[in-house]
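Have a look at the structure below before the remarks.
In full-length UniProt numbering, the protein residues as written are 1 to 374.
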């Protein structure tokens, strides 16, 4: 262990001016940030159902917000025109109530995980604009109506921009232009006027994309539609983006009058093929062992860098706690992370704060605690 990091960890052991739980010297995420913002995590099917029994104690201990990772996306919950599958989503909402958590529905409209039938008529031809907007409103009406008063916030529209700030040429956009976005927010608010509504996207640390998201949110408000905040997906890497660029986007979104949510936080420790920034699921590669170097665990120097990276990022979040409503980790533990399969399938990744054995990475917890409360 490097000398500087030893000093870093030793300090954490004696640091006493942070909030603590009932057990002396125990670090609990939601207690560490209880006066700052919600700490959330994405919930899988097995965790929502209770099948993954090791998950519940950790959810109760560390988190006061939960997000449905996949259960409320169009494909899983509405796989066929006349069939909905609410079982897993119902379990998710019941879990949130049990945890007394701030519950986030994710996501009502997205270009991924949306069945092809959504855009087509019975002959397999592309729907008209009016037909697709009607289908969209029926879907949102059913979901938001079912969970009215139970889901506290919705990621209404997800990832409509390319990294340069231009609109993504999805089927939604090809058929309706921007109108699907306006209709989605309008219908969600009509079905549950008390729920918070968000726009959500990755790589919003990039100025062009950030400014496009802000402009869209402003346009929604100008049309009299409710939009409470902008979700900055926190899919970061060990070396990028610079924390200064993350901070600049937090400030810009807040200055524009919107709440900031860090919606999908993780830190990828593995090398990637070129052009694999962010979270574009279309960029996926076959397994190549050169992109899977740590099958038996992280080397000490990489683990130290990982801890430092999380600490630096959370230091920025805490500095701007007056602007940030929620920080949500994208998965409970390393074994449940989507980054084991993206952008290269079948890898062993270590991007979260709990390991595959459901143990807290205490060196990372301590590093965060020092950065935040020192």
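A virtual CB, placed ideally from N, CA and C, is assigned to each residue, including glycine. Bear in mind the structure is a predicted one, so any value in this text is a computation, not a measurement.
Through-space distance from residue j to residue i, alpha-carbon basis
i, j, result
"residue 93", "residue 52", "16 angstroms"
"residue 24", "residue 167", "Low local confidence applies: a pLDDT of 38 at residue 24 is under 50, so the model's placement there is unreliable, with the coordinate-based value given in what follows. Near 51 angstroms, if we compare the C-alpha coordinates of residue 167 and residue 24."
"residue 148", "residue 219", "26 angstroms"
"residue 304", "residue 269", "11 angstroms"
"residue 200", "residue 210", "11 angstroms"
"residue 365", "residue 300", "16 angstroms"
"residue 306", "residue 207", "25 angstroms"
"residue 290", "residue 256", "43 angstroms"
"residue 169", "residue 190", "27 angstroms"
"residue 260", "residue 325", "6 angstroms"
"residue 251", "residue 212", "15 angstroms"
"residue 136", "residue 227", "18 angstroms"
"residue 360", "residue 238", "19 angstroms"
"residue 339", "residue 371", "26 angstroms"
"residue 367", "residue 56", "25 angstroms"
"residue 31", "residue 369", "11 angstroms"
"residue 151", "residue 320", "26 angstroms"
"residue 343", "residue 349", "11 angstroms"
"residue 81", "residue 118", "8 angstroms"
"residue 160", "residue 62", "32 angstroms"
"residue 42", "residue 309", "21 angstroms"
"residue 336", "residue 44", "8 angstroms"
"residue 171", "residue 204", "22 angstroms"
"residue 362", "residue 311", "12 angstroms"
"residue 380", "residue 179", "A question about residue 380 goes unanswered here, because the residues of the chain that appear run from 1 up to 374."
"residue 236", "residue 28", "23 angstroms"
"residue 249", "residue 111", "24 angstroms"
"residue 70", "residue 374", "37 angstroms"
"residue 215", "residue 295", "43 angstroms"
"residue 323", "residue 37", "9 angstroms"
"residue 262", "residue 253", "12 angstroms"
"residue 355", "residue 341", "17 angstroms"
"residue 142", "residue 33", "35 angstroms"
"residue 85", "residue 98", "22 angstroms"
Integer-rounded CB distance, given that residue j should sit under 8 angstroms from residue i
i, j, result
"residue 66", "residue 104", "7 angstroms"
"residue 353", "residue 59", "Not really, about 13 angstroms apart at Cβ, beyond 8 angstroms."
"residue 140", "residue 101", "Not really, about 23 angstroms apart at Cβ, beyond 8 angstroms."
"residue 418", "residue 328", "Nothing can be reported for residue 418, as the shown portion of the chain is limited to 1 through 374."
"residue 156", "residue 185", "5 angstroms"
"residue 217", "residue 258", "6 angstroms"
"residue 158", "residue 114", "So it is not a contact: roughly 10 angstroms between Cβ atoms."
"residue 202", "residue 229", "That belief does not hold up - the Cβ atoms of residue 202 and residue 229 are roughly 16 angstroms apart, past 8 angstroms."
"residue 292", "residue 347", "4 angstroms"
Residue burial classification, residue i (beta-carbon count within 10 angstroms, cutoff 16)
i, result
"residue 4", "At residue 4 the pLDDT is 44, less than 50, meaning the model places this residue with poor confidence; the figure from the coordinates comes in the next sentence. With fewer than 16 other Cβ atoms within 10 Å, it is exposed."
"residue 122", "exposed"
"residue 77", "buried"
"residue 22", "Low per-residue confidence applies at residue 22: pLDDT is 37, beneath 50, and the placement is therefore not dependable, though the value from the model is reported in the following sentence. Result: exposed."
"residue 87", "exposed"
"residue 83", "exposed"
"residue 128", "exposed"
"residue 400", "A query on residue 400 cannot be resolved here, the shown segment of the chain reaching from 1 to 374 and no further."
"residue 47", "buried"
"residue 377", "Coverage of the chain is limited to positions 1 through 374, which leaves residue 377 absent and any answer about it impossible."
"residue 357", "exposed"
"residue 351", "buried"
"residue 233", "buried"
"residue 126", "exposed"
"residue 164", "exposed"
"residue 73", "buried"
"residue 6", "Only weak support exists for where residue 6 lies, its pLDDT of 42 falling under 50; the value from the coordinates is given anyway. The residue in question, residue 6, is exposed, as its Cβ has fewer than 16 Cβ neighbours within 10 Å."
"residue 334", "buried"
"residue 153", "buried"
"residue 375", "Not covered by the structure: residue 375. The range shown for the chain is 1 to 374."
"residue 145", "exposed"
"residue 345", "exposed"
"residue 50", "exposed"
"residue 96", "buried"
"residue 297", "exposed"
"residue 288", "exposed"
"residue 124", "exposed"
Residue i - partner residues in DSSP beta bridges
i, result
"residue 63", "BP columns for residue 63 are empty, so no partner."
"residue 328", "40"
"residue 376", "Here the chain has residues from 1 to 374 only, and residue 376 is not among them."
"residue 360", "354"
"residue 260", "230, 324"
"residue 253", "Note: residue 253 sits in no beta bridge, so no partner."
"residue 84", "Per DSSP, none; premise fails for residue 84."
"residue 185", "None; residue 185 has no bridge partner."
"residue 196", "153"
"residue 50", "For residue 50, which the question treats as bridged, DSSP gives no partner whatsoever."
Distance cut-off 7 angstroms: residue i Cβ against heavy atoms of the ligand COA
i, result
"residue 322", "Judged by which ligands are present, the structure shown has none, so any question about the ligand COA falls away."
Is the number of C-beta pairs between the region 243-252 and the region 316-336 that are closer than 8 angstroms three or more? By the Cβ criterion, the region 243-252 is in contact with the region 316-336, since at least three pairs of Cβ atoms, one from each stretch, lie closer than 8 angstroms.
The region 163-180 contacting the region 130-142, beta-carbon criterion three pairs below 8 angstroms: With a cut-off of 8 angstroms, the region 130-142 and the region 163-180 count as touching, because enough Cβ pairs lie within range.
Kindly confirm or deny that the region 79-95 and the region 56-71 touch, where touching means at least three C-beta pairs closer than 8 angstroms. The region 79-95 is in contact with the region 56-71.
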